[in-house]
Structures are given as structure tokens and as C-alpha cells.
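Colleague: Add 6 to the 1-based position in the sequence shown for my numbering, that's all there is to it.
We put the beta carbon where it would ideally sit given N, CA and C, even for glycine.
Before I ask anything, here is the structure I am working with.
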Amino acid sequence: YKRQRSTRTIRVRAEAERSTKSAAAATHKMKRKPLPIAGSGFFITAEADEGENMQAYTGFAVVYDTFMDNIPYEEWCEYLTGLLKEQGVTEGLLLDLGCGTGSLTELLADAGYDMIGVDNSEEMLELALEKKEQSGKDILYLCQDMREFELYGTVRAIVSICDSVNYLLEDEDIVTCFKLVNNYLDPNGIFLFDLKTDHYFKSIGCQSFCDADEEVSFIWDNDYDEEKRINSYALTLFVLSLIHISEPTRH
């Protein structure tokens, strides 16, 4: 086996714009580890595309879990279930809105909730379904835009973490989403969500970040428009993996 960097390029779109028009949030530092991708090396470029920001993570889903490996999902689950139990929500239907690859959804199912996951990325949901198949959990996944999602009935609570609400760039989008949340909650239902704030994005500003090791490197070009309160980024990933090269043999 030899290491070889491929010249193959995969162009993808990412949700590269985030609004900071609403309140408080948790923030996370990012770290990188080798990406467990078989086959030849490749790099992925994710760029902002105004007007299509809700078409999230197309082509990026395959490396999403590694990019998010610093997120303490177990701690999030403990924190969320603690808040839910304080409000008397100890069981029943729960919606994970913007569920991604289903990492938190799986943990909430472990905690005893009947889970529904909604995400707008088919590729992310494919990975979530793989996790569901491996775990054997009875989770319903729906590929829907959080501004237009539809459920079969009401739920006890809705959670949305990892800044999903930040991708609602317009005030009317936030209002539309929250109206749907209210519509599908049981009476006295609970909606728990987080956001990154204006302060957080100002601290990043217009900077470029890069990191590299033997297997993976990335370049993150960030831009924050303080007047519009919109954060945009272009992300380039370079992934190096093992490929098999057949040597000629004499017979």
C-alpha cells in the first residue's frame, strides 16, 4: 500500500451563511482527526452560495461526524434530558430538528424517548439511517426543510442544537419555523435550541484558519459582515488515505 494524493475534486455546497439575529448560544473549539474514508485521497471544497444556504452539507456529510467529533453529544444529551425532566417530559415523542447524522438522536432514544429526526440533507440522513440500522433503534427520519417540516401529529418536545437555527437568515424564516414548532408541540410542550451570537462571530471576524496532519488538512476562510450580521465561510478539506497499487508480477 502506498500513500497518494488524488487530483480528483468534489465540489459541494455547504450551509455557509449564518444569521446572528437572535440570542445566546454555546460555542465549541474545533479539532481535526484523520478522516476514515476508504479509497483514494481527495479534497472537498465547500463554498457559500447565496440563496441556496439551506441546501446543507451536500457532499460534506461523509466527513461531517469527524468534523464534529469535538461536540460532546453525551453531555448535550444529559443536559437536554435534565431540562426536559425538570418540565415533566420524561418519555414520549421528541423531535430532533436539524438532526444531521443522528448522533444526538440516537442518544436521546437511549434515554427513553421515541425519536423523530428531521434534516434537509439526504446524505446526512443516509448516515443517520446507517446508525439506526446498526443500533436497531426505532427512529423515524424525515428529509424536510425546517421552515416547512410536517409531522404526523404533535410531540412532547422539540430540540435543535449545534446552531441549526443560525442558518435561518431571514426574520420571516425564523418566525415560520417557530410557528411550525408551536403547531407540532403538545400543550405546554418544550422547545430547546441553541445559537451562536453576534459576539461569537465578531471574535472570529474575517480570518483564515488552517491545520494539517499526516492524513487530513483543512483551510477555513471566514467572513463576518457586522452590518448584515451574516457569517460566511469557505471550507476546503484535503484528505489523504491508503490506496492499493498493484505491482507487476512475472508468471
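Go ahead and pull the three-state DSSP assignment for Leu-201.
Modeller: As a working mapping, residue 201 is identified with position 195 in the sequence shown. Leu-201: coil per DSSP, three-state reduction.
Colleague: Counting only the same chain and skipping the five closest in sequence on each side, list residues whose C-beta sits under 7 Å from that of Met-36.
Modeller: On the sequence shown, residue 36 is found 30 positions in, with the first residue counted as 1. Since pLDDT at Met-36 reaches only 30, below the 50 mark, its modelled position is unreliable, and the value read off the structure follows with that caveat. Taken in chain order, the residues that qualify are Asn-76.
Colleague: Compute the Euclidean distance between the alpha carbons of Tyr-85 and Ala-117, then round it to the nearest angstrom.
Modeller: Numbered from its first residue, the sequence shown carries residue 85 at position 79. Numbered from its first residue, the sequence shown carries residue 117 at position 111. C-alpha separation (whole angstroms): 12 Å.
Colleague: Near Trp-82, what residues of its chain come up, given a Cβ to Cβ distance below 7 Å and the 5 sequence neighbours on each side ignored?
Modeller: Here residue 82 corresponds to residue number 76 of the sequence shown, with the count starting at 1. These residues qualify, in order along the chain: Leu-110, Ile-167.
Colleague: By the 10 Å Cβ neighbour count, where 16 or more other Cβ atoms means buried, how is Glu-112 classified, buried or exposed?
Modeller: Indexing the sequence shown from 1 puts residue 112 at position 106. Looking at its Cβ environment, which holds 16 or more other Cβ atoms inside 10 Å, Glu-112 is buried.
Colleague: Taking only three categories from DSSP, how would you classify Gly-123?
Modeller: On the sequence shown, position 117 is the one that residue 123 refers to. In this structure, Gly-123 counts as strand in the three-state DSSP scheme.
Colleague: How many angstroms separate the CA atom of Asn-228 from the CA atom of Thr-107?
Modeller: For the purposes of this step, residue 228 is identified with residue 222 of the sequence shown, where counting begins at 1. For the purposes of this step, residue 107 is identified with residue 101 of the sequence shown, where counting begins at 1. Cα to Cα, the separation comes out at about 24 Å.
Colleague: How big is the Cα-Cα spacing for Glu-132 and Tyr-147?
Modeller: Translated into positions along the sequence shown, residue 132 becomes position 126. Translated into positions along the sequence shown, residue 147 becomes position 141. Approximately 10 Å, taken between the alpha carbons.
Colleague: Reducing DSSP to helix, strand and coil, say where Asp-192 ends up.
Modeller: Within the sequence shown, the letter at position 186 stands for residue 192. Strand, per DSSP.
Colleague: For Tyr-79, tell me which candidate among Gly-94, Cys-105, Gly-98, Glu-97 has the shortest Cα-Cα distance.
Modeller: Taking the first residue of the sequence shown as position 1, residue 79 is located at position 73. That would be Cys-105, whose Cα lies nearest to the Cα of Tyr-79.
Colleague: Can you tell me the Cα-Cα spacing of Gly-142 and Arg-235, whole angstroms?
Modeller: Position 136 of the sequence shown, counting from 1, holds the residue named residue 142. Position 229 of the sequence shown, counting from 1, holds the residue named residue 235. If I take the Cα positions, the gap works out to 42 Å.
Colleague: What residues in its chain sit with their C-beta under 6 Å from that of Phe-199, if we drop five residues either side in the sequence?
Modeller: Counting from 1 along the sequence shown, the entry for residue 199 is found at position 193. Taken in chain order, the residues that qualify are Ser-166, Val-171.
Colleague: What does the Cβ neighbour count give for Cys-212, buried or exposed, with the cut at 16 atoms within 10 Å?
Modeller: In the sequence shown, counting from the first residue as 1, residue 212 sits at position 206. By the 10 Å Cβ count, Cys-212 comes out exposed.
Colleague: In the structure shown, what three-state DSSP assignment does Phe-155 receive?
Modeller: In the sequence shown, counting from the first residue as 1, residue 155 sits at position 149. Of the three classes helix, strand and coil, the one that applies to Phe-155 here is coil, per DSSP.
Colleague: Per DSSP, what kind of secondary structure is Leu-174 in: helix, strand or coil?
Modeller: Position 168 of the sequence shown holds residue 174. Here Leu-174 sits in coil by DSSP.
Colleague: Leaving out the 5 sequence neighbours to the left and right, which residues in its chain are closer than 7 Å to Glu-232 when beta-carbon positions are compared?
Modeller: Taking the first residue of the sequence shown as position 1, residue 232 is located at position 226. So the list reads Lys-208, once near-sequence residues are dropped.
Colleague: Under 8 Å, do Asp-192 and Thr-160 count as touching if we go by C-beta distance?
Modeller: To locate residue 192, count along the sequence shown from 1; it is residue 186. To locate residue 160, count along the sequence shown from 1; it is residue 154. Closer than 8 Å, so yes.
Colleague: Can you name, in chain order, every residue of its own chain whose Cβ lies under 8 Å from the Cβ of Ile-196, other than the five neighbours on each side?
Modeller: As a first step, residue 196 must be located in the sequence shown, where it is residue number 190. These residues qualify, in order along the chain: Leu-89, Leu-90, Gln-93, Val-95, Arg-162, Ala-163, Ile-164.
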